[in-house]
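Start counting the sequence shown at 5; every next residue gets the next number (the working numbering). Right, one structure below, let's go through it.
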Amino acid sequence: MNQEALNNMKARRSCRAFTSQMPPKELVAAVCEAGTYAPTGRGKQSPIILAVTNKEWRDRLSRMNAAIMGTEGDPFYGAPVVLVVLADRTASTAQYDGCSVMCQLVNAAQAVGLASCWIHRAKEEFDSEEGKTLLRELGIKGDYVGVGHCILGYAAKEATPAPPRKADYIRWVE
């Protein structure tokens, strides 16, 4: 049993305050690569990951996401990196596949010493005309549904430990 891997999963917390320090590209690439090994329906690998480290593009996504919430704040909590997970809408398991990638990304971030958080509203972003235009500008062809944003960076403050798990979380059928 790989106790270190299990401990990383248990220690992972969602970060909602980041420093502006950009993580090394090697760490971001390692997290992305781990995401590509997430299980997907029939092994079809329907998702793609947009690794956004460009501040202008990051800020553009932030504005789009904030507008969906009806706010002007930064829904990415100052994180300098945004990994957008999209999945091929024609795959019957698209949403599940994308969620699998998202889980892999946040766990990989923890393993390499980066803070992360899963941010929603990617579906609304990329179903919009602006989102579709953004994908065209990036040369991405196909019919993709937005699944989520995995924001990455360094935590501005130490994470609080996980609360105890509820007593009936696991129900054994023996």
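Note that beta-carbon positions come from the ideal geometry of N, C-alpha and C, so glycine has one too.
Beta-bridge pairing by DSSP links residue 92 to 148. Cβ atoms of residue 153 and residue 126 come within 8 Å of each other, at about 6 Å.
In the three-state scheme derived from DSSP, where H, G and I count as helix and E and B as strand, residue 155 is classed as strand.
Distance check between residue 68 and each of 134, 12, 51, 6 places 134 closest, using alpha-carbon atoms only. Between the alpha carbons of residue 164 and residue 15 lies a distance of about 9 Å. Under DSSP, residue 120 takes part in a beta bridge, and its partners are 18, 156. A check of alpha carbon separations from residue 8 across 111, 141, 147 identifies 111 as the nearest.
Its chain contains 76, 77, 78, 79 as the residues whose beta carbon lies nearer than 8 Å to that of residue 70, once the 5 sequence neighbours on both sides are disregarded; these appear in chain order.
Here residue 85 is bridged, per DSSP, to 156. Linking residue 85 to residue 178 through their CA atoms gives a straight-line distance of about 44 Å. Between residue 55 and residue 90, the C-beta gap is not smaller than 8 Å, which leaves the two residues out of contact.
One thing to note: residue 23 has its Cβ within 8 Å of the Cβ of residue 158.
Under the three-state reduction of DSSP, residue 32 is assigned to helix. Assignment of residue 110 by DSSP, reduced to helix, strand and coil, places it in the helix class. DSSP places residue 54 in the uninterrupted beta strand (DSSP E) bounded by 51-56. Within the model, the alpha-carbon separation for residue 98 versus residue 43 is close to 12 Å. Residue 176 carries a coil assignment under DSSP once its states are collapsed to helix, strand and coil.
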